[in-house]
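Trainee: The letter at position 61 of the sequence shown is residue 61 when you use the working numbering, and the numbering goes up by one with no holes.
For every residue, glycine included, the Cβ atom is placed at its ideal position computed from N, Cα and C.
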Amino acid sequence: MSTTGSAGNLGGALKELSLRWQETRAHWHDVKSAEFERNYLEKLPNDVGRAAGVIEEIGKLLQKVRHDCE
Numbered sequence: 001m002s003t004t005g006s007a008g009n010l011g012g013a014l015k016e017l018s019l020r021w022q023e024t025r026a027h028w029h030d031v032k033s034a035e036f037e038r039n040y041l042e043k044l045p046n047d048v049g050r051a052a053g054v055i056e057e058i059g060k061l062l063q064k065v066r067h068d069c070e
């Protein structure tokens, strides 16, 4: 799998998690659910964005290494 594919999979997983969380919130809406959302889920989009950027950098570095080894 390419690094681009990995970043895309990560983004897709975040979208799927967001959809599932919305479904869950329809049934779980207490203090603990709000705490879970605040402590974990609210941070994920930023973390995933940063990870995707790093994955992209790694992909570029791998291309350079491959090119240099030819």
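Cutting at 8 Å between CB atoms, please list the residues of its own chain near L44, excluding the five before and the five after it.
Mentor: L14, L17
Trainee: Could you check if A26 is buried or exposed, using at least 16 other CB atoms within 10 Å of its CB as the buried criterion?
Mentor: exposed
Trainee: Apart from the five residues just before and just after S6, which ones in its own chain have a Cβ nearer than 7 Å to its Cβ?
Mentor: I55
Trainee: Please report how far the alpha carbon of Q22 lies from the alpha carbon of L41, in whole angstroms.
Mentor: 11 Å
Trainee: Helix, strand or coil, according to DSSP, for A7 in the structure here?
Mentor: helix
Trainee: Could you tell me the distance, in whole angstroms, from the CA atom of A52 to the CA atom of G59?
Mentor: 10 Å
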